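The sequence shown begins at 2 in our numbering and counts up by one.
Every residue, glycine too, gets a C-beta built ideally from N, C-alpha and C.
None of these values were measured; they are calculated from a predicted model.
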Amino acid sequence: MSKGSPVSPSLMATKPHGHAPAAASNAASSAVQGTNNIVGPNNIVGPTQMTGSQAIVRSLEELGVKDIFGLPGGAILPTYDPLMASTMNHVLVRHEQGAGHAAQGYAMVTGQVGACIATSGPGATNLVTAIMDAHMDSVPIVAITGQVSSGVIGTDAFQEADIVGITMPITKHSYLVTDAQDIPRVLAEAFYLASTGRPGPVLVDVAKDAQQAKMTFSWPPVIDLPGYRPVFRGHAKQLREAARLIAAAKKPVLYVGGGVIKGHASAELLELAELTGIPVVTTLMARGAFPDSHPQHVGMPGMHGAVSAVTALQQSDLLITLGARFDDRVTGILNTFAPLAKVIHADVDPAEISKNRVADVPIVGSVKEIIPDLSAAVKAEFEQNGTPDLADWWTFLNNLRETYPLGWTEPEDGLTSPQRVIQRIGELTGPEGVYVAGVGQHQMWASQFVKYERPHSWLNSGGAGTMGYAVPAAMGAKVGNPDRVVWAIDGDGCFQMTNQELATCAINKIPIKVAVINNSSLGMVRQWQTLFYEGRYSHTDLNTGHDTVRIPDFVKLADAYGCVGLRCERAEDIDATIEAALAINDRPVVIDFVVSPNSMVWPMVPSGVSNSQIQVARNLTPVWEEED
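(1) For Pro-22, I'd like the list of residues in its chain whose CB is within less than 7 Å of its CB, leaving aside the five on either flank, ordered along the chain.
(2) Okay, do the region 462-478 and the region 124-138 touch, 3+ Cβ pairs below 8 Å being the bar?
(3) If I measure Cβ to Cβ from Pro-83 and keep anything under 6 Å in the same chain, skipping five residues before and after, which residues do I get?
(4) Considering just the uninterrupted stretch of the alpha helix (DSSP H) at Gly-106, what are its terminal residues?
(5) Should Asn-400 be labelled buried (16 or more other beta-carbon atoms within 10 Å of its own) or exposed?
(6) Using 10 angstroms around the beta-carbon of Gly-260, count the other beta-carbons present and answer buried if the total reaches 16, otherwise exposed.
(7) Look at the alpha carbon of Gln-614 and the alpha carbon of Pro-79, and state the distance between them as a whole number of angstroms.
(8) With a threshold of 16 other CB atoms inside 10 Å of the CB of Met-666, please say whether the residue is buried or exposed.
(9) What is the residue span of the beta strand (DSSP E) that Pro-202 lies within?
(10) Going by the beta-carbon positions, is the gap between Lys-452 and Trp-488 smaller than 9 Å?
(11) Would you mind working out which of Asp-180, Lys-510, Leu-255 and Gly-289 sits nearest Gly-431, comparing C-alpha positions?
(12) Give every residue of the same chain whose Cβ lies closer than 6 Å to the Cβ of Val-362, excluding the five residues on either side of it in the sequence, and list them in chain order.
(13) Let's see if you can read the secondary structure: which residues bound the beta strand (DSSP E) around Met-51?
(14) Is there contact here, the region 275-283 with the region 248-258, by at least three beta-carbon pairs under 8 Å?
(15) Taking Ile-164 as the reference, give the member of Leu-188, Gly-152 and Val-129 with the closest Cα.
(16) Can you check whether the CB of Val-299 is closer than 9 Å to the CB of Leu-204?
(17) Once you ignore the five residues that flank Glu-570 on each side, which residues in its own chain have a CB closer than 6 Å to its CB?
(18) Would you kindly report the start and end of the unbroken beta strand (DSSP E) that includes Met-216?
(19) Nearest CA to the CA of Gly-198: which residue from Asp-350, Val-556 and Leu-375?
(20) On the three-pair Cβ rule with 8 Å, is the region 542-561 touching the region 468-484?
(21) If we ignore side chains and look at the alpha-carbon of each, how far apart do Glu-269 and Ser-376 end up?
(22) CA-CA distance, Ser-317 and Trp-459?
(23) So which of Thr-146, Gly-439, Ile-77 and Val-591 has the shortest CA-CA distance to Asn-461?
(24) In whole angstroms, what separates the C-alpha of Gln-385 from that of His-102?
(25) On the three-state DSSP scale, how would you describe Cys-564?
(26) With DSSP run on the structure shown, which of helix, strand or coil describes Asn-572?
(27) So for Ala-25, helix, strand or coil by DSSP?
(28) Hey, how far is the Cα of Leu-323 from the Cα of Val-550?
(29) Out of Gly-441, Tyr-193 and Val-526, point me to the one whose CA is closest to Asp-542's CA.
(30) According to the neighbour-count rule (16 or more other Cβ atoms, all chains shown, within 10 Å of its Cβ), is Gly-609 buried or exposed?
(31) Hey, is the region 173-182 in contact with the region 208-222, meaning 3+ C-beta pairs nearer than 8 Å?
(32) Leaving out the 5 sequence neighbours to the left and right, which residues in its chain are closer than 6 Å to Gly-366 when beta-carbon positions are compared?
What follows is the structure in C-alpha cells.
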C-alpha cells in the first residue's frame, strides 16, 4: 500500500501472518477470517443489544486492548460513560497530543496497536501531530474521535472539524462512522489495517448520534477488505538474484532501517549478518535492531552518523537494504549517494521500493520472512561458489573506526558536557532500559552515546522530528512495559511543549525518569546559527539554565507536578544524580542537567551537500574525498 494513500473502505484483508505479535492485531485478524456469533476473548456469544458507545468499548476489549490514552469532551462523552466499567485502563492525559504520543510509545515497546481517544474539533486536531508522527515512522496506532451528530455534519456546528479529511494524507485509512451497527466491523478493520503490512495510524471518527443509538452487537464481525493484500514472502527468483549479488560483492553493506524493528526481525538479521560477515549500519530508526557491541556493527549512518557508517555506504558496491527508505537524512544529495553501489531493496511497502533510489533487485514482503529466505539462498550460493573474501573491505572500515571514533570535546566555558551526561545515563541504566528522546541535539547524542543492544529500547520521532515527543511517549512506554526503567532524554525546548503530562504520570503512578539536557537554548538551531549564520542567535535563547533567574525553574516545576526534582550542574555530580534518580521508583523524577550551550553534534553532513562532505569536530573540510 502506498504510504500516503488513503485506503478504500472496501479493501480486502487476507489472513495475517503468524508472526503478528500483538494481542490486538491477533484479535482483529480473527475477526477478519471469522463469522458472527463465535466466542470471543470475553466469551460473548450471539447478538446483544447495546448502544454504539457500549459497542466501542466492547469491541476494544474484544480486540485485546488493555490500555488507552485519552481526554473526554462533548462529542465523545457518550463513550466515556461505559468506559468507567471497562476492563481497560484509561489514562487521562492533559493534552490530546500527549495521548497520541503515549499510544506511539506503547506500541513501540509492546509491538501491539496503541490506542488513543479524543473528542471532536480541537480535541481531534490536537491528535494530528501524533498521527502524522506515527505515519512517518510506521507506528501502529488507532485514534478514536467523537464527531458532532450526523445531522449537523457540514454545517460548521460547535466543535466540528472534518478530521477524516484532515488526516486522510497521514493515515492508512480514516473512517467516519454514522451508523452504530458498523462500529464493531470498523474497529476490527482499523486494528487489522494498523498492524499488518506496513504498520501505521488509522483514525475512526464516530458521530455522536451513532454512539447514542441502539445496535445489535456480536463478535467477531464479518469484514471484507477487497484490494488490501499485504505481501509477506519474497519472490524466490529475486531472492536468488540477491544472493548472487551478495556472493559477488567486494564492498557490501547491510543497510538496516526501522522496518526491521517493526517487523520483529532482529534475530533473523543477526543470523544473516554472521552468515555473510558483511558490515551492518543501523539508521536512527533502527538503533538496537543489531547490537552495538557486535564487531560487524559499524555505526549509524546519516546526517550525524559515524564516519565509518557514512563512508561504508558511500564506498560500497552493494547495498542490502532491509526495511529502510533512502531518507534524505541518510543519503544527503541523493544523486551522489553510494554512486558505485548496486541495490537490493526489501520492504513490505512496495511504494518505497525504487521511490528514491532505483533497486536492482526489488523484494516486496515482510523482512521477518524475507531475511531467513535470503539467508537460505546465500548459503546455497556460498556452497556452490565459495564464500567471498571481505578482508580488504574490513581493513578499510576498521581503520575508519579507529581514526574517527565517536567522541566529544569538553566545553571551554566550564559547564558540563551534555554528551557525558547522556553516556552515563546509558551506562548506569544498562541495555535493558528504554530510552526515549525528543528532537534536536540531545536526540542525536542519545542515538550516538547510549549503547543499544536490543530492539525496542530506543524510541524517537525520526521522520516527523516532533518536539515534545519524549515525555508522553516515555509515559506510554512505561505503561506498556512497567518493569523496565524508562528515560525521557529531552531538551529544555522540547520539554516545555508537553511537560504537562508529568501530572498524568504522577497521578497514575507512572514513574518515568526525565533528563532535561538544559543548554538554555534551541540547541540544534543554535548550532546551525553558529556554523552557517556567523553566530547570529536569532530567537534561540530560552533563559532556562545559565542565569540566576531560571524561567521556568525545572526543579520547582517538577515539585509542583508531584515529581522529584533534581539539578546537576557539575560533572563530578553526574553519576550520583543519575543513581539517585534510578533509586526512586514510586514517582516520576525530573533532572535538570545544566550543560554547555556551545556543545555541538559531530560528525555532521550539512544539508544540501554530498555525504562525501562529512565533517568532524570543528574541522570544516571533508574527512575523506570520493574516489575518482
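To lay it out plainly:
(1) Indexing the sequence shown from 1 puts residue 22 at position 21. Reliability fails at Pro-22, whose pLDDT of 36 lies under 50, so the model's placement of it is uncertain and the value that follows must be treated cautiously. Gly-112 and His-265, listed in sequence order.
(2) yes
(3) Within the sequence shown, numbered from 1, the residue matching residue 83 stands at position 82. The answer, listed in chain order, is Ser-54, Gln-55 and Val-58.
(4) On the sequence shown, residue 106 is found 105 positions in, with the first residue counted as 1. First-last of the alpha helix (DSSP H) with Gly-106: 97-111.
(5) The count along the sequence shown starts at 1 and reaches residue 400 at position 399. By the 10 Å Cβ count, Asn-400 comes out exposed.
(6) Here residue 260 corresponds to residue number 259 of the sequence shown, with the count starting at 1. Buried, by the Cβ-count rule.
(7) Looking up residue 614 in the sequence shown gives position 613. Looking up residue 79 in the sequence shown gives position 78. For Gln-614 and Pro-79, the distance between alpha carbons rounds to 58 Å.
(8) With the chain covering 2 to 629 only, the question about residue 666 has no answer from this structure.
(9) Counted from its first residue, the sequence shown places residue 202 at position 201. From DSSP, the beta strand (DSSP E) with Pro-202 extends over 202-208.
(10) Your numbering for residue 452 matches position 451 in the sequence shown. Your numbering for residue 488 matches position 487 in the sequence shown. Going by C-beta atoms, Lys-452 is not nearer than 9 Å to Trp-488.
(11) In the sequence shown, residue 431 corresponds to position 430, counting from 1. Per the Cα distances, Gly-289.
(12) In the sequence shown, counting from the first residue as 1, residue 362 sits at position 361. Gln-239, Glu-242, Ala-243 and Ile-345.
(13) Within the sequence shown, the letter at position 50 stands for residue 51. Met-51 -> beta strand (DSSP E) spans 49-52.
(14) yes
(15) Counted from its first residue, the sequence shown places residue 164 at position 163. The candidate whose alpha carbon is nearest that of Ile-164 is Val-129.
(16) Sequence index remark: in the sequence shown, residue 204 carries index 203 (1-based). Sequence index remark: in the sequence shown, residue 299 carries index 298 (1-based). No, Cβ-Cβ distance for Leu-204 and Val-299 is not below 9 Å.
(17) The residue given as residue 570 occupies position 569 in the sequence shown. Contacts found: Val-595.
(18) For the purposes of this step, residue 216 is taken as residue 215 along the sequence shown, with counting starting at 1. 215-218 is the span of the beta strand (DSSP E), which, as asked, contains Met-216.
(19) Taking the sequence shown and counting its residues from 1, the one referred to as residue 198 is at position 197. When only C-alpha atoms are compared, the closest one is Asp-350.
(20) no
(21) Numbered from its first residue, the sequence shown carries residue 269 at position 268. Numbered from its first residue, the sequence shown carries residue 376 at position 375. For Glu-269 and Ser-376, the distance between alpha carbons rounds to 9 Å.
(22) As a working mapping, residue 317 is identified with position 316 in the sequence shown. As a working mapping, residue 459 is identified with position 458 in the sequence shown. Using only the alpha carbons, I get a separation of about 27 Å.
(23) Taking the sequence shown and counting its residues from 1, one reaches residue 461 at position 460. Out of Thr-146, Gly-439, Ile-77 and Val-591, Gly-439 has the C-alpha closest to the C-alpha of Asn-461.
(24) In the sequence shown, counting from the first residue as 1, residue 385 sits at position 384. In the sequence shown, counting from the first residue as 1, residue 102 sits at position 101. Straight-line Cα distance between these residues: approximately 50 Å.
(25) As a position in the sequence shown, residue 564 is number 563, starting the count at 1. Of the three classes helix, strand and coil, the one that applies to Cys-564 here is coil, per DSSP.
(26) Position 571 of the sequence shown, counting from 1, holds the residue named residue 572. The question names Asn, but residue 572 is Ala in the sequence shown. Helix, per DSSP.
(27) Translated into the one-based positions of the sequence shown, residue 25 becomes position 24. Its pLDDT being 46, under 50, Ala-25 is placed unreliably in this model, and the coordinates cannot settle the point.
(28) On the sequence shown, position 322 is the one that residue 323 refers to. On the sequence shown, position 549 is the one that residue 550 refers to. For Leu-323 and Val-550, the distance between alpha carbons rounds to 50 Å.
(29) Your numbering for residue 542 matches position 541 in the sequence shown. Among Gly-441, Tyr-193 and Val-526, the Cα nearest to that of Asp-542 belongs to Val-526.
(30) Stepping through the sequence shown from its first residue, residue 609 is reached at position 608. With fewer than 16 other Cβ atoms within 10 Å, it is exposed.
(31) yes
(32) Position 365 of the sequence shown, counting from 1, holds the residue named residue 366. Counting only Cβ-Cβ distances below 6 Å, and skipping sequence neighbours, we find Val-232, Phe-233, Arg-234 and Gly-235.
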